[in-house]
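Student: Protein chains in written order, with my numbering: chain A, 1 to 474; chain B, 475 to 851.
Just so you know, even glycine gets a beta-carbon here, dropped at the ideal spot from N, CA and C.
Please read all numbers here as calculations on a predicted model, not as lab measurements.
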Amino acid sequence: MTSTTPLQAVIVGAGPAGIRAAQTLAAHGLRPVLIDEAARGGGQVYRRPPAHFQRPPRALYGSQAARATALHRTLDGLQAQIDYQSDSLVWNAEGGQLDLLHGPTQTTRTLRYGPLIVASGATDRVLPVPGWTLPGVYTLGAAQVALKFQGCAIGRNVVLMGTGPLLYLVACQYARCAGTRVAAVLDTARRADQLAAVPALLAEPAILARGLHCVAWLRAHGVPIHRGIRPVRVQGDARVSAVVWSDGAQQHRLACDAIGLGHGLRSETQLADLLDCRFVWSPAEHAHLPAHDAAGRSSVPGVYLAGDGAGIMGADAAECAGERAALALLADHGRAVDGARARQLERRLGQLRRVGQALARAFPLPADWAAQAPDALLLCRCENITAGQLRACARETGADEMNRLKALTRIGMGRCQGRICALAGAEILAQATGRPVEQVGRLRGQAPIKPIPLHLQTQQVADGTDAAAPPRDE
Amino acid sequence: MSSSSRIIATDVAIVGGGIVGASAALALRRKGVDVLLLEHDLCGARASGVNYGGVRRQGRPLSQLPLAQRAHQIWADLPALIGTDGEYLRSGHFKIARSQADLQALESYQALSRDFDLGLELLSGASLRQRCPWLGSHALGGSLCPQDGQANPRLVSPALARAAQRAGARIHERTPLDEVLHDGRQFLLRSGRHLQVRAPVLLNCAGAWAGALAAQFGEAVPLRSGHPAMAVTEPLPMFLPWSLGVEGGSIYCRQAARGNLVLGGGSGLALDAERARSQRSAIAALAVQAIELLPALRNAHFIRTWSGTEGYLPDHQPVLCQSRRRPGLIHGFGFSGAGFQLGPAVGEVLAELACDGRSSTPIEAFAIERFAAHIPT
């Protein structure tokens, strides 16, 4: 390939990874297409409020305001050099084309891609707790989005529960929020887990300092922090009224009107799956993830992975990974790139990966969650499937794999296609069958990635109906 | 480790754990025959478990109706047979006519099938509008078979295999067949280094993968793989009492007890020999045709699509017969996307062929000789 070949490079996701990738491709003379499901770029972490909202970046992004602002400015400055398509959900990939659903007009169309960078981001990882479907229970990420996007809190007396860096970050943001009290931070990780991770975190003093500062600030402002807890249940009738938790010795009840719940993040991998990327088990992240090399090349030629969608490493790493993947794309297509910069980014990604692994050790998933989950615990809220139903299915049918469990119980068959329930379901299946969770597999991705309306307006019908298909109705 | 590779002897070996193979295993056990089944993935994970779930006699070629009637009786007692209802419902199957010619075709089918007691009822005009207020204006009429219906293939097909296992069949899942030999008296099947099976009778129930086994014993058939494009909507308030088909072919559609509409039509896309998906053109065509037939779907959402791999023969009739080349080999495959309803009866027929050498249900139309041109002499 020569440097004059026009390259239709496409980037999916306008978060930190996607924006840096777009910037890098544009700087090398390409005009990439940047597709984003949201109305305004920034991703979840640097989500921008609607244009007419007037809260200052410092109020929205705290200590990360400078990074957020820089990223937004980069995207704004790229408008003339890239083809930026917001409000566009990628719902399918097939034959070198992506299917897009444009939200405001409710139209779907296809987009041909050459090289493709998938920067699809992450959502909360939820380990359900009895009562978690009561109104007033949010994920930690959603609690944060409510603040960033709409400037509203999920409640006036809020408990934040689960584990992970986001737990403390959201606690600080809520505690600073006028009119809202943080009743407690309830962390399932132990203090010992966090202490054990400190040596590795010393390599990244800024991140460690940010975390320590957050905890100290919470303490100074009278927010109780309890570590090593186990959630027992969320109470309430029409809405959350309290949470019951255990410290191992005894149970405690704490009144609240809202709960932010989450156990770290999970990568959004459906698009990589539809693109037929090979997946591997990541012990550090306790998840099946699309395989990629240090530069972001997936197992499928021309498909690159960057950001939290390829493994949870956070926003700073996502910026590096987006740039690195773009350089790999350029190099793979015969463009001259700065090799020193590429190596520097890989070194930085290596450092951040070690930090990420240390954070995973500091905030581990509660290993006993599945064993302690009561049979009545609702796991799949789309289809009303309980832990007990999954266990019974495994026991009675011998199901030992996630897709079989799905077929027999309906877990993951609802609107979320397993995005919320599949990881917890896999933990339950592993526990019920006495196998390591990596061996129970993962749900196969299927289009549409998110629900699409039937009245999608499309030109595909005219040329697409398969005249050769035999008449049949079974 | 390889020293553990012993040879298991059985009366009947079955290749393929779809609805056909599992039904055959169950029927053989009910006759007291020793049986061992090899399935290269999980029982009911392929075409048998991913199809639409139509349990329909209406519209079948007359040659299939004796078999379909036999299956109809078995389906009636399905819960007793497999220990679960599989969401089987005799909800009625309604075949829609979109033109006068379609209506005439349905009328003549009613006349031709009169001997089979299908109870077909033709609807058109005012009575159609009155009984089907949910039907779009493209439908001029249709034919209702009140005792046909629908079931959940995800549940029924694996349950048949479990029932066979409970009845004493040895079921080996995730056990691909690597080699079949015949020593002049018996078949010898090998899977990997550790499993060898010896049996005087071998049932070829390998669905879309059955062609190689037939060809190995001198009976090549023009079997090709087909992939149904399937989609399901979010749960909707119940409004569709019947399973729907369309005369001349188009989409087919039913509403499950949960409220979701299950739709199929057109072709999916093979990713490789094992995997297939619905493709965008088929999804779009499904959406357009679904809204034409059922305008209430206009604002509904598709939440999931899928496909599978089915074995098709050129005349859309199965091969169900004893091998003419290799005594002891019995074929049951090639149901061309219409085997789900027939499956339990096919299992009984295969068991009869294995035990008695003949079937009590007429199956002459399904002889493999009709592809003689493909069988080298």
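Rank A:R20, A:C214 and A:R47 by C-alpha distance to the C-alpha of A:Y174 and give the top, closest one.
Tutor: Locating residue 174 of chain A in the first sequence gives position 174, counting from the first residue. Taking only the C-alpha atoms, the option nearest A:Y174 is A:C214.
Student: Give the interface partners of A:I385 over in chain B, defined as CB-CB distance under 9 Å, in chain order.
Tutor: Indexing the first sequence from 1 puts residue 385 of chain A at position 385. Within 9 Å Cβ-Cβ: nothing; A:I385 doesn't reach chain B, min ~12 Å.
Student: Can you tell me whether DSSP reads A:F487 as helix, strand or coil?
Tutor: Since the first residue shown for chain A is 1 and the last is 474, residue 487 of chain A is missing from the structure and cannot be characterised.
Student: In terms of alpha-carbon separation, which member of B:E784, B:R503 and B:F776 lies closest to A:I452?
Tutor: In the first sequence, counting from the first residue as 1, residue 452 of chain A sits at position 452. It is B:F776 whose Cα lies nearest to the Cα of A:I452.
Student: Rank A:R442, A:A178, A:L274 and A:A258 by C-alpha distance to the C-alpha of A:A287 and give the top, closest one.
Tutor: Here residue 287 of chain A is taken as the residue at index 287 of the first sequence, counted from 1. Closest by alpha carbon: A:R442.
Student: Given a cut-off of 7 Å, decide if B:V486 and B:A673 are closer than it, judged by their beta-carbon atoms.
Tutor: Walking along the second sequence from the start, residue 673 of chain B turns up at place 199. Walking along the second sequence from the start, residue 486 of chain B turns up at place 12. Yes; because the gap between Cβ atoms is below 7 Å, this pair is in contact.
Student: Between the region 766-799 of chain B and chain A, which residues of the former have a C-beta closer than 8 Å to a C-beta of the latter?
Tutor: From the region 766-799 of chain B, only L771, R772, N773, A774, H775, F776, I777, R778, T779, W780, Y786 and H790 have a Cβ closer than 8 Å to chain A.
Student: Mind listing the chain A neighbours of B:E513? Cutoff is C-beta to C-beta under 7 Å, in chain order.
Tutor: Numbered from its first residue, the second sequence carries residue 513 of chain B at position 39. None at all; the shortest Cβ gap to chain A is about 12 Å.
Student: So which residues of chain B does A:G270 contact, with C-beta pairs closer than 8 Å?
Tutor: Position 270 of the first sequence holds residue 270 of chain A. The sequence shown places Gln at residue 270 of chain A, not Gly. Under the 8 Å cutoff, chain B gives no residues; its nearest Cβ is about 12 Å from A:Q270.
Student: Which bits of chain B does A:P104 rub up against, with CB to CB less than 9 Å?
Tutor: Your numbering for residue 104 of chain A matches position 104 in the first sequence. The premise fails here: A:P104 is roughly 17 Å from chain B at the closest Cβ pair, so nothing lies under 9 Å.
Student: Count the CB pairs spanning the region 703-710 of chain B and the region 492-507 of chain B that are closer than 8 Å, and state whether there are at least three.
Tutor: No: fewer than three Cβ pairs fall under 8 Å.
Student: Could you name the residues of chain A that B:E843 contacts, counting a contact when the two beta carbons are closer than 7 Å?
Tutor: Counted from its first residue, the second sequence places residue 843 of chain B at position 369. Within chain A, no residue comes near B:E843; the closest Cβ sits about 23 Å away, beyond 7 Å.
Student: Below 8 Å on the Cβ atoms is my guess for B:G700 versus B:G806; work out the distance and round it to an integer in Å.
Tutor: Start at 1 with the first residue of the second sequence, and residue 700 of chain B comes out as number 226. Start at 1 with the first residue of the second sequence, and residue 806 of chain B comes out as number 332. No, B:G700 and B:G806 are not in contact; Cβ-Cβ is about 17 Å, not under 8 Å.
Student: Counting pairs of Cβ atoms below 8 Å between the region 55-71 of chain A and the region 142-159 of chain A, do you hit three or more?
Tutor: The region 55-71 of chain A is in contact with the region 142-159 of chain A.
Student: For B:P607, does the three-state DSSP call read helix, strand or coil?
Tutor: Numbered from 1 along the second sequence, position 133 holds the residue referred to as residue 607 of chain B. B:P607 falls in the coil class under three-state DSSP.
Student: Quick one: which chain A residues come within Cβ less than 7 Å of B:Q753?
Tutor: By 1-based counting over the second sequence, the position of residue 753 of chain B is 279. Neighbours of B:Q753 on chain A, chain order: E94.
Student: In terms of residues, what are the limits of the alpha helix (DSSP H) holding B:S717?
Tutor: As a working mapping, residue 717 of chain B is identified with position 243 in the second sequence. Careful: B:S717 lies outside any alpha helix (DSSP H), inside the beta strand (DSSP E) at S717 to V720.
Student: Identify whether A:Q357 lies in helix, strand or coil by the three-state DSSP scheme.
Tutor: Position 357 of the first sequence, counted from the start, is the residue given in the question as residue 357 of chain A. Residue state, collapsed to three classes: helix.
Student: Spell out the partners DSSP gives B:E653 in its beta bridges.
Tutor: Sequence index remark: in the second sequence, residue 653 of chain B carries index 179 (1-based). B:E653 pairs with B:R664.
Student: When burial is assigned at 16 or more other CB atoms within 10 Å of the CB, is A:A336 buried or exposed?
Tutor: As a first step, residue 336 of chain A must be located in the first sequence, where it is residue number 336. That one is exposed.
Student: Do the CB positions of A:A196 and A:V185 come within less than 7 Å of each other?
Tutor: Locating residue 196 of chain A in the first sequence gives position 196, where the first residue counts as 1. Locating residue 185 of chain A in the first sequence gives position 185, where the first residue counts as 1. No, the Cβ-Cβ distance between A:A196 and A:V185 is not below 7 Å.
Student: State yes or no: is the C-beta of A:T139 nearer than 6 Å to some heavy atom of the ligand SAM?
Tutor: As presented, the structure is devoid of all ligands, the ligand SAM included, so that no description of it is given.
Student: What's the gap between the Cα of B:Q753 and the Cα of A:P436?
Tutor: In the second sequence, the residue the question calls residue 753 of chain B occupies position 279. In the first sequence, the residue the question calls residue 436 of chain A occupies position 436. Rounded to the nearest angstrom, the two C-alpha atoms are 34 Å apart.
Student: Can a CB atom of chain C be found closer than 7 Å to the CB of B:A730?
Tutor: Of the protein chains in the structure, A and B, none is chain C.
Student: Please state whether DSSP places A:V185 in a helix, a strand or coil.
Tutor: The residue given as residue 185 of chain A occupies position 185 in the first sequence. Strand.
Student: Would you call B:G557 buried or exposed, if buried means 16 or more other Cβ atoms sit within 10 Å of its Cβ?
Tutor: On the second sequence, residue 557 of chain B is found 83 positions in, with the first residue counted as 1. Result: exposed.
Student: Less than 7 Å separating the beta-carbons of A:I509 and A:Q79?
Tutor: Beyond the ends of chain A as shown, which are 1 and 474, falls residue 509 of chain A; an answer cannot be given.
Student: Could you tell me the boundaries of the alpha helix (DSSP H) in which B:I765 lies?
Tutor: Mapped onto the second sequence, residue 765 of chain B falls at position 291. It spans R754 to L767 - the alpha helix (DSSP H) in which B:I765 sits, taken as one unbroken run.
Student: What is the rounded straight-line gap between the Cα of A:W217 and the Cα of A:V137?
Tutor: For this step, residue 217 of chain A is matched to residue 217 along the first sequence. For this step, residue 137 of chain A is matched to residue 137 along the first sequence. Looking at the two C-alpha atoms, the distance is approximately 25 Å.
Student: Output needed for B:A744: all residues of its chain with C-beta closer than 8 Å, excluding positions within five of it in sequence on either side, in chain order.
Tutor: By 1-based counting over the second sequence, the position of residue 744 of chain B is 270. Answer for B:A744: S699, H701, A750 and T783, listed in chain order.
Student: Alpha carbon to alpha carbon, how far is A:A387 from A:V244?
Tutor: Walking along the first sequence from the start, residue 387 of chain A turns up at place 387. Walking along the first sequence from the start, residue 244 of chain A turns up at place 244. Distance between the alpha carbons of A:A387 and A:V244 is about 20 Å.
Student: Enumerated in chain order, which unbroken segments of the alpha helix (DSSP H) with a length of 4 residues or greater are wholly contained in the region 113-171 of chain A?
Tutor: For the region 113-171 of chain A, whole alpha helix (DSSP H) runs of length 4 or above, ordered along the chain, are 140-145.
Student: Please report how far the alpha carbon of A:A255 lies from the alpha carbon of A:A394, in whole angstroms.
Tutor: In the first sequence, counting from the first residue as 1, residue 255 of chain A sits at position 255. In the first sequence, counting from the first residue as 1, residue 394 of chain A sits at position 394. Cα-Cα distance, rounded: 37 Å.
Student: Along chain A, in chain order, which residues have C-beta atoms closer than 9 Å to that of B:R644?
Tutor: Translated into positions along the second sequence, residue 644 of chain B becomes position 170. Under the 9 Å cutoff, chain A gives no residues; its nearest Cβ is about 14 Å from B:R644.
Student: For A:N384, count neighbouring C-beta atoms within 10 Å of its own C-beta (all shown protein chains included) and say buried if the count is 16 or more, exposed if not.
Tutor: Counted from its first residue, the first sequence places residue 384 of chain A at position 384. It is exposed - the Cβ of A:N384 has fewer than 16 other Cβ atoms within 10 Å.
Student: Just curious, the alpha helix (DSSP H) that A:W369 is in, first and last residue?
Tutor: Residue mapping note: residue 369 of chain A aligns to position 369 of the first sequence, counting from 1. W369 to Q372 is the span of the alpha helix (DSSP H), which, as asked, contains A:W369.
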